[in-house]
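Chains as they are written, first to last, in this note's numbering: chain D, 13 to 359; chain W, 13 to 359; chain S, 13 to 359; chain U, 13 to 359.
Number of protein chains: 4
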Amino acid sequence: MINVGIAGATGYAGKELIKVLLHHPNARITGLYSTSEEPKAISDIYPEFRGKINLPCNRLELKELVSKCDLVFLALPHTISMDIVPGLLGAGKRVIDLSADYRLKDPKIYEHFYKAKHKDESGLKESVYGLPEINRGKIKNARLVANPGCYSTAAILALAPLVALAPAELGAIIIDGKSGVTGAGKKMAPELLFPEVNEDFKAYKVNVHQHIPEIKQILSKLSGRKIAVTFVAHLLPLNRGILETIYVIKNQKSKNPCLPVGRKNQNLNALYKKFYKNEPFVRIREEGDFPRLKDVTGTNFCDIGIKADSDTLIIIAAIDNLLKGASGQAVQNMNIMYNFPEGAALL
Amino acid sequence: MINVGIAGATGYAGKELIKVLLHHPNARITGLYSTSEEPKAISDIYPEFRGKINLPCNRLELKELVSKCDLVFLALPHTISMDIVPGLLGAGKRVIDLSADYRLKDPKIYEHFYKAKHKDESGLKESVYGLPEINRGKIKNARLVANPGCYSTAAILALAPLVALAPAELGAIIIDGKSGVTGAGKKMAPELLFPEVNEDFKAYKVNVHQHIPEIKQILSKLSGRKIAVTFVAHLLPLNRGILETIYVIKNQKSKNPCLPVGRKNQNLNALYKKFYKNEPFVRIREEGDFPRLKDVTGTNFCDIGIKADSDTLIIIAAIDNLLKGASGQAVQNMNIMYNFPEGAALL
Amino acid sequence: MINVGIAGATGYAGKELIKVLLHHPNARITGLYSTSEEPKAISDIYPEFRGKINLPCNRLELKELVSKCDLVFLALPHTISMDIVPGLLGAGKRVIDLSADYRLKDPKIYEHFYKAKHKDESGLKESVYGLPEINRGKIKNARLVANPGCYSTAAILALAPLVALAPAELGAIIIDGKSGVTGAGKKMAPELLFPEVNEDFKAYKVNVHQHIPEIKQILSKLSGRKIAVTFVAHLLPLNRGILETIYVIKNQKSKNPCLPVGRKNQNLNALYKKFYKNEPFVRIREEGDFPRLKDVTGTNFCDIGIKADSDTLIIIAAIDNLLKGASGQAVQNMNIMYNFPEGAALL
Amino acid sequence: MINVGIAGATGYAGKELIKVLLHHPNARITGLYSTSEEPKAISDIYPEFRGKINLPCNRLELKELVSKCDLVFLALPHTISMDIVPGLLGAGKRVIDLSADYRLKDPKIYEHFYKAKHKDESGLKESVYGLPEINRGKIKNARLVANPGCYSTAAILALAPLVALAPAELGAIIIDGKSGVTGAGKKMAPELLFPEVNEDFKAYKVNVHQHIPEIKQILSKLSGRKIAVTFVAHLLPLNRGILETIYVIKNQKSKNPCLPVGRKNQNLNALYKKFYKNEPFVRIREEGDFPRLKDVTGTNFCDIGIKADSDTLIIIAAIDNLLKGASGQAVQNMNIMYNFPEGAALL
């Protein structure tokens with residue numbers, strides 16, 4: 013049984029962490045912290061927790077975190093984690109950071125996308141990108157896990173088999189991503205008011221979204237070649253879930269007659285199934301069958317469907333942005349780090 | 013053809029005024045003003061207006077308002093109108109105020125509900141409550157119309173025939189009101205963020221809502237007796253529309269065997285139809301038939317259904333909170349004030 | 013460990029039963045049955061179950077139910093349960109029926125509201141109304157539990173302390189109920205299509221809803237007097253949750269100066285807290301604090317807030333219609349029947 | 013003033029036609045017809061029309077249509093129009109068909125996508141594809157206009173300048189389309205029930221949608237080359253609106269250094285603006301600015317934004333599927349056919 017703390021407990025990811033961890037057999041929540049809310053009982057902030065958890069949500073303070081927790085989840089806005097992580101690691105704590113602060117290995121790219129100079133390059137070097145399907149071995153012993161972005165999780169899982177096994181065959185990669193509103197975090201912004209989002213749909217950060225360098229970094233490393241992607245994010249009028257429709261164009265210069273293992277769909281589905289055969293949270297659909305959001309919301313699964321049409325491959329991946337895209341994946345990482353059953357509290 | 017200005021043009025009611033007035037044969041929008049947005053073209057703030065209206069939205073200034081407009085619609089947050097109205101009236105302009113500033117005749121009640129001292133008691137005395145079905149004659153010649161609150165409009169229209177014709181028979185009056193989110197205005201508030209409202213439903217300002225004194229003031233005047241109401245407001249996860257379910261309990265002390273004109277539903281429906289027979293924007297349903305929101309959204313109608321059950325009368329009224337509950341009614345008032353056809357731009 | 017079957021596994025309540033029972037430490041789902049879907053794996057009907065449960069959903073047949081299950085949950089449309097229950101009881105099985113077939117003790121009232129003659133009057137006599145807060149003792153040994161209706165659950169829990177402790181003080185009782193769309197069950201009806209419900213709100217079955225006799229039967233028994241209620245149901249454009257705003261008018265003939273224990277709110281809240289002090293799934297709010305839907309969706313709780321204003325008492329109760337209003341309550345009943353911890357799989 | 017009839021008046025497109033035509037200065041609705049509803053007053057079917065239109069909605073009969081109308085709008089399910097059109101044309105009437113029956117010039121392709129043999133090949137030859145921006149001249153004198161599909165309208169308007177001006181430069185074209193639920197028509201289907209669509213998002217008819225041949229036919233004709241597209245349709249949990257995110261990959265074999273007129277965005281925006289400079293219902297955004305659904309819902313506009321990134325061009329087009337995607341465009345066609353102002357009842 014370990015003691016865990018949640019910094020940023022009142023945001024959407026923090027709240028989801030509480031919900032998941034309340035059912036964990038090996039972890040006990042011992043501290044809740046917020047940078048935005050006045051200190052009070054978490055069940056006064058969120059009455060749904062009455063009778064379930066009886067803890068105050070305090071102001072974030074390193075000292076208290078250190079004294080109360082073995083492992084700390086940081087579910088803070090970007091650029092805040094890097095102020096706290098060095099102190100936590102220095103005190104011998106392990107950290108799972110749900111922000112973007114430790115995902116991008118190149119601090120210049122971080123600065124470009126997050127408009128802040130990186131303050132902890134040593135942490136950046138040490139951090140392990142917390143996508144279990146790619147990095148399980150390293151996560152096991154990590155002191156600092158950089159929990160992946162929500163769009164990135166779906167995109168990387170959808171493309172990993174292709175870039176790993178057949179990079180030379182790939183031409184343009186288009187990721188058309190759609191996310192529910194909790195993906196934006198719980199922040200005041202006029203464009204997130206109910207009447208603005210409801211009955212509306214729009215693209216945003218068109219091909220300049222901060223998850224692009226993250227996707228490129230991980231896919232390029234996996235494939236051994238530079239992988240480029242075009243990515244457009246869209247805002248869905250619903251609370252949770254990400255669905256990405258991904259189009260992979262055949263490399264016109266490739267001599268092979270078609271995409272990786274032939275145009276025949278079952279072969280591609282089989283290839284994906286084999287690639288993920290030991291993964292508890294990736295489910296590959298049969299040929300011609302695609303996931304919808306409802307198949308994954310409330311779960312830690314990433315569901316993937318594939319269709320090959322002439323020179324274009326269509327891949328659809330769906331996750332719950334608050335679970336596999338954030339808090340569920342963070343707990344999956346914790347389970348790996350502490351040798352708990354990987355599905356504990358998640359299945 | 014008159015020149016009209018809209019102060020508060022970027023809020024929900026202001027934007028709706030633009031939409032309605034764009035189709036008005038006798039009114040021309042000559043000025044748009046905002047207290048919150050930086051000055052720029054209204055079509056840059058709201059791209060839906062591109063190609064439809066080509067006007068800047070300027071900072072609110074009395075002088076410009078006076079020079080450009082014959083009639084001014086004030087769609088400002090409460091407590092701001094009373095700063096501007098005296099100057100407008102002094103300059104010979106006519107004003108339709110969509111805020112609450114000129115609705116409550118007693119400044120002490122205003123202060124209690126709106127947390128601000130009233131600054132224009134002479135305007136308050138002069139103002140005419142702009143519910144055409146009750147006050148058409150006075151509206152005609154008014155310089156200053158206090159456009160009714162959205163909940164108040166539905167409640168008063170639903171109850172007017174009863175309180176006017178049979179006040180002695182009425183016991184407790186319960187108004188269970190439900191409103192779409194635009195009813196709260198376009199303001200930043202954490203509880204109005206999409207993920208907070210979507211898939212949620214709640215009561216708010218339980219029996220302390222600021223429309224209660226407005227409803228009581230008008231109904232009491234109509235009936236010649238003090239009318240009390242219990243009113244609970246609720247927030248619907250949708251953009252526009254108000255539906256109120258109203259319960260009138262028989263006065264247990266009344267000697268009459270039952271409610272006004274007998275338990276027989278058709279009689280009550282007939283009484284309502286007669287009461288509103290010349291009203292272009294009130295539609296009374298047949299016995300046992302009730303309006304839903306969709307019947308009125310996008311229109312200036314108030315639809316009313318009635319059912320009498322033993323000692324309880326059930327009345328359901330529906331309006332579009334942005335039209336009959338705000339901007340549509342404001343234009344209806346303008347039409348009356350200027351002898352335009354009452355349904356101009358509204359039917 | 014008991015073996016349980018679910019008849020009607022593909023409806024909203026049936027699906028929710030699967031979700032809850034998958035986490036139950038003492039119950040194993042051994043059979044799934046449907047009257048509407050073609051037989052196939054439940055994870056082919058609902059892909060969200062892939063990797064979680066690997067059972068076929070078969071055609072409903074008594075013989076198979078009897079051979080595979082100790083306890084059967086019937087989540088079938090009304091009027092079907094009564095065909096199956098006698099066979100199940102005869103075979104020594106225990107039954108929790110989520111339909112209305114065994115709730116109303118008077119078969120004539122059943123016939124009036126459900127438009128079908130009752131076929132199992134002996135079952136009707138034996139059945140226990142499955143509201144644990146009222147009937148825990150009887151549920152313990154019941155062979156046949158009639159799981160309460162969703163609106164009824166919230167209404168009865170909200171009113172039980174009053175009708176039990178102070179029936180003479182009560183005048184008119186008004187229940188203004190609002191339910192999410194899953195409350196209507198998964199049935200084809202034009203008025204349940206997305207574009208019909210979305211951005212709409214309406215009352216339905218105005219004071220003729222089939223839960224009225226159920227509420228009256230239980231409250232009258234509790235109070236020892238005939239309790240009448242006015243009840244209007246409304247359809248919310250959201251998936252799950254019921255919120256009821258209840259108005260209790262003071263009996264004008266009562267000599268007591270006011271409602272039960274004085275107008276002072278804290279007294280009423282204290283009275284409610286005392287009444288439910290041992291109840292794991294009822295949470296009473298502090299004075300002036302009211303539940304919203306989000307506080308209870310996804311949980312088995314009923315949250316209740318109370319406010320006393322002059323001669324009117326306002327009570328707001330919220331539940332998740334699929335959990336405390338159906339499947340969660342059914343599992344709570346199972347837990348009681350089998351001496352499992354009452355919160356197993358529910359907390 | 014012409015007399016117009018609407019066949020299929022109770023579906024979503026039919027109802028929208030009524031709403032638009034009620035404000036038309038030169039057209040009078042003289043007949044309403046349905047194939048699904050029992051004959052009754054349209055205001056009894058849709059109470060929102062009470063006080064606005066007082067016409068029965070009758071069973072569809074050729075004879076009555078012929079006797080009452082000069083022009084007939086057919087807003088019927090696919091495969092029904094072709095039974096009626098020959099009779100209408102034979103009687104000297106003009107027809108605007110909102111179904112797909114007269115859009116695809118090759119009856120084999122029609123049969124493949126609509127699962128029905130075409131019965132009126134002569135009508136098919138004569139029909140004019142009713143996209144005013146492409147075919148205004150032919151529409152003017154047409155007896156039979158095939159009103160375009162909703163997805164097709166947005167896709168063709170978004171791609172027309174490119175395929176017309178620079179077909180040789182274009183490689184793969186990917187259309188990621190998202191539509192509100194009214195796009196599916198008012199039909200009973202379990203997957204269109206509110207709880208199925210709400211809080212969900214999914215792809216459907218992945219690259220096999222029936223609008224694909226329509227888009228290809230029109231774009232190929234425009235460009236003089238065979239244009240292929242990949243198209244995935246998605247269902248948005250909202251009532252109305254289509255937004256398409258379109259990706260155009262540079263033809264890797266083209267010698268030109270980049271897309272049509274250079275990577276510089278303003279050039280492309282300028283090219284689009286010039287292409288549509290006389291079009292009243294196409295609005296091109298400035299560089300880096302993209303439309304959202306709300307900019308066009310309730311209007312007949314198609315708004316288009318463009319961004320050129322390295323070898324990929326991103327185009328986003330938005331329309332209201334019931335207006336520019338169906339009924340608004342049908343009225344625009346009528347205005348052209350009868351020399352009415354093209355924006356009559358639409359601006």
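Think of the CB as a built atom: it goes at the ideal place given N, C-alpha and C, for glycine as much as any other residue.
For residue 313 (chain S), which residues in the same chain have their Cβ closer than 6 Å to its Cβ, ignoring the five residues on either side in sequence? 293, 295
Closer than 9 Å, Cβ to Cβ, to anything on chain U: give me those residues from the stretch 193-225 of chain W, in chain order. 210, 211
Indicate whether at least one CB of chain U lies closer than 7 Å to the CB of residue 277 (chain D). Low confidence applies here, because residue 277 (chain D) scores a pLDDT of 47, under 50, leaving its location unreliable; read the following figure in that light. With 7 Å as the cut-off, residue 277 (chain D) does not count as an interface residue toward chain U.
For residue 70 (chain S) and residue 51 (chain S), which I take to be in contact (beta-carbon distance under 8 Å), what is that distance rounded to the nearest angstrom? 5 Å
What is the DSSP secondary structure of residue 215 (chain U), reduced to helix, strand or coil? For residue 215 (chain U), the three-state secondary structure derived from DSSP is strand.
Of all the options W:342, W:343, W:337, which has the alpha carbon lying nearest to the alpha carbon of residue 165 (chain W)? W:337
Please report the Cβ distance between residue 353 (chain W) and residue 328 (chain W), rounded to the nearest whole angstrom; I am assuming they are in contact, meaning their Cβ atoms lie under 8 Å. Contact flag wrong, Cβ pair sits at about 29 Å.
Interface residues of the stretch 300-318 of chain D facing chain S [CB-CB below 9 Å]: Contacts with chain S (Cβ-Cβ distance below 9 Å) from the stretch 300-318 of chain D involve 301, 303, 304, 306, 307, 308, 309, 310, 311, 313, 315, listed in chain order.
Give me the Cα-Cα distance between residue 283 (chain D) and residue 116 (chain D), rounded to the nearest whole angstrom. Residue 283 (chain D) and residue 116 (chain D): Cα-Cα distance of roughly 29 Å.
Where residue 130 (chain S) falls, given that 16 or more other Cβ within 10 Å makes a residue buried: Counting Cβ neighbours within 10 Å, residue 130 (chain S) comes out buried, since at least 16 surround it.
Work out the CA separation of residue 209 (chain U) and residue 249 (chain U) for me, nearest whole Å. The straight-line gap from Cα to Cα measures roughly 6 Å.
Have a look at residue 61 (chain S) and residue 55 (chain S) and give me their C-alpha separation to the nearest angstrom. 5 Å
Using the three-state DSSP reduction, which class does residue 359 (chain D) fall into: helix, strand or coil? coil
Taking the alpha-carbon of residue 330 (chain U) as reference, which of D:214, D:197, D:114 has the nearest alpha-carbon? D:214
Where the alpha helix (DSSP H) through residue 152 (chain S) begins and ends: 144-153
Would you check if the stretch 196-203 of chain W and the stretch 340-350 of chain W touch, i.e. whether three or more CB-CB distances between them fall below 8 Å? no
From what residue to what residue does the beta strand (DSSP E) around residue 245 (chain W) run? DSSP places residue 245 (chain W) in the uninterrupted beta strand (DSSP E) bounded by 242-247.
If you draw a straight line from the alpha carbon of residue 57 (chain S) to that of residue 300 (chain D), how long is it in whole angstroms? 16 Å
Check whether the Cβ atoms of residue 316 (chain U) and residue 170 (chain U) lie closer than 7 Å to each other. Residue 316 (chain U) is a Cβ neighbour of residue 170 (chain U), given a cutoff of 7 Å.
Using the beta-carbon of each residue, which ones in chain W are nearer than 9 Å to residue 170 (chain S)? Near residue 170 (chain S) there are no residues of chain W at all, since even the closest Cβ is about 13 Å away, more than 9 Å.
For residue 15 (chain S), does the three-state DSSP call read helix, strand or coil? strand
Determine the DSSP secondary structure at residue 299 (chain W), reduced to helix, strand or coil. The answer is coil: DSSP assigns residue 299 (chain W) none of H, G, I, E or B.
Quick check on residue 59 (chain D) - is its C-beta less than 7 Å from some C-beta in chain S? Any Cβ of chain S closer than 7 Å to the Cβ of residue 59 (chain D) would place that residue at the interface, and such an atom is present.
How about residue 178 (chain D) and residue 256 (chain D): do their beta carbons lie closer than 7 Å? no
Please check if any C-beta of chain D sits within less than 7 Å of the C-beta of residue 255 (chain U). Contact of residue 255 (chain U) with chain D is assigned, a C-beta pair being separated by under 7 Å.
Which value, in whole angstroms, describes the spacing of the CA atoms of residue 269 (chain D) and residue 192 (chain U)? Residue confidence is low: residue 269 (chain D) scores 48 on pLDDT, short of 50, so the model does not pin down where it sits. No coordinate-derived value is stated.
What are the boundary residues of the alpha helix (DSSP H) that residue 162 (chain W) is part of? Where residue 162 (chain W) is concerned, the enclosing alpha helix (DSSP H) stretches over 162-177.
Whole-angstrom distance between residue 291 (chain U) and residue 216 (chain W), CA atom to CA atom: 48 Å
To the nearest angstrom, how far is the alpha carbon of residue 84 (chain S) from that of residue 221 (chain S)? In this structure, the alpha-carbon of residue 84 (chain S) lies about 28 Å from that of residue 221 (chain S).
Are the Cβ atoms of residue 159 (chain U) and residue 234 (chain U) separated by less than 7 Å? no
Take residue 404 (chain U) as the anchor and find which of U:205, U:318, U:286, U:18 has the nearest alpha-carbon. An answer regarding residue 404 (chain U) cannot be provided, because it is not within the stretch 13 to 359 covered by chain U.
Rounded to whole angstroms, what is the Cα-Cα separation between residue 37 (chain D) and residue 228 (chain W)? Between the alpha carbons of residue 37 (chain D) and residue 228 (chain W) lies a distance of about 57 Å.
Given a threshold of 16 other Cβ atoms within 10 Å of its Cβ, counted over all protein chains shown, does residue 128 (chain W) qualify as buried or as exposed? exposed
With DSSP as the reference, please indicate the residues paired to residue 257 (chain D) in a beta bridge. D:188, D:328
Out of D:280, D:123, D:101, D:79, state which residue places its alpha-carbon closest to the alpha-carbon of residue 90 (chain D). Out of D:280, D:123, D:101, D:79, D:123 has the C-alpha closest to the C-alpha of residue 90 (chain D).
Based on Cα-Cα distance, which residue from W:95, W:258, W:184 lies nearest to residue 240 (chain W)? W:184
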